[in-house]
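Numbering (the UniProt record's numbering), first residue to last: 1 to 503.
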Ligand code: FAD
């Protein structure tokens, strides 16, 4: 048992990007009535990466667990709501599909809805899968609402996430964290001081100030000042699975309606994102520089944006992969310091929060506890691998052959763990997922279906059903969705009303 004298008395968070402030807010909130001190050191000279504006549904729970009012957050960050991602030109040029959050249809007599849909397709029904997704139906109509207001309707199960301005979100989290007593120290860490066994004892700032602590959280971004430059944990480079290694980002003025989804459009050597906010649009091109120059990537991005430029295009290099160990001795890494998976499914901020949640579950004493460290690192690796496989699925199933990049993707060597899942899907029409994974079956079905990967069969026991009965259930669900979605406000109408809430 943790005895009081063994308890960690001070945590030092180095880095004040989204990762650092989210860690400060979450850990600070849990320990706000305790003796634990938290000090966050950040460098104004170095600054933050300033991208990271699309999220996945757990963001709503993160904000709620901190007691942050969603309307206040959306208003302060010029945010908008996100029902999923529209993928343009991924399977083939000119073809699109939607990856909605939330489930597709409902389980029918213990059968996965997707199985029932497959059976109806085999009987001649042409209804697209997305006609059974509440999020996709709302997105198609550019509608939005908050699900609890639609209790007892098919929209009650809608899952949504947020788009927000990364710099405003950072400021919001900082204000929140400072409000619960987190100490902020501005300064650039120049030296990391270790004890003989390599444990971190303190960091020394450029000013000469020494900041000591019992436990350190490295949120210094790609440089990984503590976890890599000091503790040399090593990096598993996954560029052979996900070869994109740069992004160019630019902000533009809004034109047209604020869409309740992100758009990801496949391009010659990668893909562009479009993230609609209330006050502007975030755009970027994620690409592999082996197939396109930075200048050409900038041109492609600028050709694909609407609206006046608000910033100059900025190139951000990255290496896809993860630290070999996310936690070493008394140092935990979070955010870009921990690893990076391209933002195709907007998973980075979620991984920060999930990592913090594991850390809280395994909260250590001041003494090194290898079993905690090992289990933490195992779980982080599983989460990264799960998301990596899901991202690779988008690339390796493409039928595009209009550029060297897409031809490479079509013949790429895929991770054995993904091959296993794809083989099983083809044989059974079912996804392999466990309940703690971020992407549940519906997400896998959406990508398989959207990318044109068809299973060989559905479960033959569905043939024991009368096809008309099954079809009637599917038809009534589909019709109900269209009707109820049509009654909801447009996303823009909703945003105006929602953000007008009194201060
Ligand atoms: P940073 O923002 O880089 O912050 C690093 C901090 O460390 C800064 O405060 C800096 O001052 C400090 N620091 C560094 N060195 C020192 C030092 N020596 N002394 C003191 N302080 C120091 N995520 C999503 O969830 N959704 C997205 O849509 C998304 N899109 C992305 C697009 C791109 C192109 C990229 C590259 C990333 C994207 N991400 C996205 C990831 C997301 O941006 C990051 O996960 C998130 O911003 C967290 O960054 P960070 O806090 O780890 O690092």
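C-beta: ideal position from N, C-alpha, C; glycine also.
Residue state for residue 70 is assigned as helix, using DSSP reduced to three classes.
For residue 219, the shortest separation between its Cβ and any heavy atom of the ligand FAD lies below 7 Å.
In this structure, residue 336 has its CB closer than 7 Å to one or more heavy atoms of the ligand FAD. Straight-line spacing of the CA atoms in residue 146 and residue 500 works out to 15 Å.
Fewer than three Cβ pairs drawn from the segment 200-219 and the segment 236-245 lie within less than 8 Å of each other, which leaves the two stretches out of contact. Within the same chain, and ignoring the five residues on either side of residue 253 in sequence, the residues whose Cβ sits closer than 7 Å to its Cβ are 280, 307, 308 and 310.
Taking 7 Å as the cut-off, one finds no heavy atom of the ligand FAD near enough to the beta carbon of residue 97. Here residue 134 is buried: its Cβ has 16 or more other Cβ atoms, across all protein chains shown, within 10 Å. Contact between residue 168 and residue 77 holds: CB atoms are separated by about 4 Å, below the 8 Å threshold.
By the criterion of at least three beta-carbon pairs nearer than 8 Å, the segment 370-382 is not in contact with the segment 33-52. In this structure, residue 82 lies near residue 260, with their beta-carbon atoms less than 8 Å apart.
Between the C-alpha atoms of residue 89 and residue 426 there is a straight-line separation of about 23 Å. If you check the C-beta of residue 247 against the ligand FAD, you find a heavy atom less than 7 Å away. Annotated as distal: residue 47 and residue 337, with beta-carbon spacing of 8 Å or more. In the three-state reduction of the DSSP assignment, residue 111 falls in the strand class. Across the set 106, 94 and 62, the C-alpha of 106 shows the shortest separation from the C-alpha of residue 481. Around residue 180, the same chain offers 25, 28, 29 and 32 as residues with beta carbons nearer than 8 Å, after the five sequence neighbours per side are excluded.
Note on geometry: alpha-carbon atoms of residue 244 and residue 287 lie some 5 Å from one another. Residue 207 and residue 137 have their alpha carbons spaced roughly 56 Å apart. For residue 248, the enclosing beta strand (DSSP E) begins and ends at 246-252. Counting the other CB atoms within 10 Å of its CB gives residue 388 a total of 16 or more, which places it among the buried residues.
Counting of Cβ neighbours within 10 angstroms places residue 329 among the buried residues, the total reaching 16 or more. Rounded to the nearest angstrom, the Cβ distance from residue 485 to residue 143 is 6 Å, consistent with a contact under 8 Å. Between the C-alpha atoms of residue 269 and residue 188 there is a straight-line separation of about 37 Å. Between the segment 458-471 and the segment 406-421 there are fewer than three C-beta pairs closer than 8 Å, too few to call the two in contact. Taking a cut-off of 8 Å on C-beta distances, the segment 449-460 touches the segment 97-111, as three or more cross pairs fall below it.
Out of 479, 483 and 457, the CA that lies nearest to the CA of residue 122 is found in 457. In this structure, residue 442 places its C-beta atom within 8 Å of the C-beta atom of residue 103. Residues of the same chain with a CB within less than 8 Å of the CB of residue 246, apart from the 5 flanking positions on each side, are 286, 287, 288, 289, 294, 297, 315, 316, 317 and 318 in chain order. The straight-line gap separating the alpha-carbon atoms of residue 469 and residue 117 is approximately 12 Å. The Cβ atoms of residue 346 and residue 18 lie no closer than 8 Å to each other. Between the C-alpha atoms of residue 160 and residue 395 there is a straight-line separation of about 25 Å. In this structure, residue 8 has its CB at a distance of at least 7 Å from all heavy atoms of the ligand FAD. With fewer than 16 other Cβ atoms from the protein chains shown falling within 10 Å of its own Cβ, residue 487 counts as exposed.
In this structure, the straight-line span from the alpha carbon of residue 45 to that of residue 362 is close to 34 Å. Between residue 251 and residue 80 a beta carbon distance of about 14 Å is seen, past the 8 Å cut, so the two are scored as non-contacting.
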